[in-house]
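Chemist: Offset between the sequence shown (1-based) and our numbering: plus 236. We treat Cβ as the ideally placed atom computed from N, Cα and C, and that holds for glycine.
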Amino acid sequence: GKHEHRRLKRFYALTNKNLQFTDQVAKHIRRERAVNTHTASELSSHAHRTQKARHLLTRKRDGPLGGANERVPETIPTGSPRDHHQISSEQRNHVDIVGFVQEHQDDPAVQDFALDLRRHLVQRLRNNDNKTGGDYDEEYEPTSHDLSALRIRHDRTYIHKQMRLNYTSYDM
């Protein structure tokens with residue numbers, strides 16, 4: 237009685253209050269019933285799918301990026317909302333750059349990967365050193381001396397599970 241009346245009033249608030257509000261309330265009731273009613277077979281199949289998915293996520297990957305252990309949580313410390321981005325500083329999951337390039341030498345996307353990575357890093361480092369009003373010098377081409385001076389520690393890059401981006405959107 238009383239609880240059902242409150243429930244209907246709650247659903248009425250979700251309608252557009254026109255003449256067909258009864259159809260809209262009925263649709264909300266059907267949706268709620270569909271969400272709240274699960275047969276035993278649905279629950280057991282869901283449990284099986286969940287267990288299978290958990291197994292796939294927690295096993296050590298043998299993919300191109302090595303063995304990132306999915307069981308180990310990676311946390312990002314709370315930072316300032318003014319920072320453009322935040323990435324964890326953990327170094328547990330790494331990829332050997334030379335090994336990655338050799339393993340994927342037939343892939344056109346990996347062609348000149350190490351050289352392009354070095355060029356990109358030198359350009360970024362140079363632009364951070366020469367902060368001239370935030371201008372990014374796209375014309376700058378690193379010399380062979382610049383590229384050879386760049387040292388990538390242990391020739392590794394790191395895999396991270398989380399990254400936090402802060403941005404403002406004005407399209408509402």
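1. Just to confirm the assignment, what range does the beta strand (DSSP E) spanning I323 have?
2. Rounded to whole angstroms, what's the CA-CA distance from L351 to H330? Just pull it up for me.
3. Tell me the DSSP secondary structure of Y248 in three-state form.
4. If we ignore side chains and look at the alpha-carbon of each, how far apart do A276 and H320 end up?
5. Report all residues from its chain with a CB closer than 8 Å to the CB of L357; omit the five preceding and five following residues, and keep chain order.
6. Do the stretch 393 to 406 and the stretch 322 to 340 meet, that is, are 3 or more Cβ pairs less than 8 Å apart?
7. Name the DSSP beta bridge partners of V331, please?
8. Is it true that the stretch 240 to 248 meets the stretch 257 to 266, where meeting means three or more beta-carbon pairs spaced less than 8 Å apart?
Modeler: According to the data block:
1. By one-based count along the sequence shown, residue 323 stands at place 87. Here the beta strand (DSSP E) through I323 covers H321 to I323.
2. Counting from 1 along the sequence shown, the entry for residue 351 is found at position 115. Counting from 1 along the sequence shown, the entry for residue 330 is found at position 94. Each residue's Cα considered, the two are about 19 Å apart.
3. As a working mapping, residue 248 is identified with position 12 in the sequence shown. Three-state result, Y248: helix.
4. Here residue 276 is taken as the residue at index 40 of the sequence shown, counted from 1. Here residue 320 is taken as the residue at index 84 of the sequence shown, counted from 1. Note on A276: pLDDT 46, under 50, position unreliable in the model; no value is reported.
5. In the sequence shown, counting from the first residue as 1, residue 357 sits at position 121. The answer, listed in chain order, is L386 and I388.
6. yes
7. Reading the sequence shown from its first residue, position 95 is the one you call residue 331. Answer is T393, bridged to V331.
8. yes
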